[in-house]
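K.L.:
For the sequence shown, the tail end lands on 212 under our numbering, and the numbers increase by one without skipping. All C-beta atoms in this analysis are idealised placements derived from N, C-alpha and C, irrespective of residue type, glycine included. Dropping a structure here in structure tokens format, bear with me for questions.
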Amino acid sequence: MTNAAEFWEQRYLSRRDERGQVWSGRVNPTVEREVQHLAPGTALELGSGEGGDALWLAARGWTVTALDISPAALAVGAGQAAARGLADRIAWVQSDLVAWHPDAEYDLVTSAFLHAPFAFPREEILRRALDAVAPGGRLLVVGHGEPPAGSDHRHAAEGPPLPTPDAVLAALRLPGDWTVETNALVGREAALADGSVIEVTDTVVRVRRPQR
């Protein structure tokens, strides 16, 4: 059985570039597309990594709680938040989502690319995330529609499950009074380390809890 905490910590430590980061620190374009028109409030990010999305949300007035299993990733995000004057807007919390249960409600709960190359209860975690959505709030789930470029599974038959938007919705088992606002495959450009640009596809589901 894979030790998830060790796996992700080693991944973040071993893949750092000259800046001491793995990722760009920028918001994912699909998250930006889905959230940019929403009024700021409180947000919870599940699997925040180095915090590109959390930093973007905070810069736009959101108060963010960013959860990730890797202390190394969270430290990068916290450092960026301090450098950008956003430290007071983001709480960085080390948490194994397998054992996580909501203890508060948020106007926005996001999960972007919550995939793992080993057994991982993603559907169960996302169902729990519904309980973290405040009345009138939203859950946004963004995933890979195909194996990402550069991954070990790009040309392999086996790899992490990559469910369609319809499959994500079915797994959520939404109460009947929730509203589906987005159920789509979204194409976007992605830059590789060598500077080349490719087209990738994201799965996007955004649902809204009714007001009381």
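Taking all protein chains shown into account, do 16 or more other C-beta atoms lie within 10 angstroms of the C-beta of D53, making it buried, or fewer, making it exposed?
P.N.:
Classification for D53: buried.
K.L.:
Are the Cβ atoms of V204 and P165 separated by less than 8 Å?
P.N.:
Against a cut-off of 8 Å, the Cβ pair of P165 and V204 comes out as a contact.
K.L.:
Can you list, in chain order, the residues of its chain whose CB lies under 7 Å from that of S24, leaving out five sequence neighbours each side?
P.N.:
These residues qualify, in order along the chain: G52.
K.L.:
Which term fits P135, buried or exposed, when burial requires 16 or more other beta carbons within 10 angstroms of its beta carbon?
P.N.:
Exposed.
K.L.:
Where do the N-terminal and C-terminal ends of the beta strand (DSSP E) with S111 fall, by residue?
P.N.:
Run containing S111: 106-112, per the beta strand (DSSP E) assignment.
K.L.:
Taking the beta carbon of G20 as the centre, do at least 16 other beta carbons fall within 10 Å, making it buried, or is it exposed?
P.N.:
Per the 10 Å Cβ criterion, exposed.
K.L.:
If we ignore side chains and look at the alpha-carbon of each, how far apart do R208 and S14 end up?
P.N.:
Each residue's alpha carbon lies about 38 Å from the other.
K.L.:
Looking at the unbroken alpha helix (DSSP H) that takes in W56, where does it start and where does it end?
P.N.:
Segment 52-59, the alpha helix (DSSP H) holding W56.
K.L.:
Tell me where the alpha helix (DSSP H) around V35 begins and ends.
P.N.:
29-35 is the span of the alpha helix (DSSP H), which, as asked, contains V35.
K.L.:
One question on the structure: do A78 and W92 come within less than 8 Å of each other, judged by their Cβ atoms?
P.N.:
Yes, the Cβ-Cβ distance between A78 and W92 is below 8 Å.
K.L.:
To which residues of the same chain is A156 closer than 6 Å at the C-beta, ignoring the five residues directly before and after it?
P.N.:
Low local confidence applies: a pLDDT of 39 at A156 is under 50, so the model's placement there is unreliable, with the coordinate-based value given in what follows. Counting only Cβ-Cβ distances below 6 Å, and skipping sequence neighbours, we find nothing.
K.L.:
Can you tell me whether E146 is helix, strand or coil according to DSSP?
P.N.:
It is coil, neither helix nor strand.
K.L.:
DSSP three-state label for Q80, please.
P.N.:
In the structure shown, Q80 sits in a helix (DSSP, three-state: H, G or I).
K.L.:
Select from R212, L46, W56, R33 the residue whose C-alpha is nearest the C-alpha of R127.
P.N.:
Comparing Cα-Cα distances from R127 to each of R212, L46, W56, R33, the minimum goes to L46.
K.L.:
Of the choices I125, A82, E181, W178, whose alpha-carbon is the least far from that of L67?
P.N.:
Of I125, A82, E181, W178, the residue nearest in Cα terms is I125.
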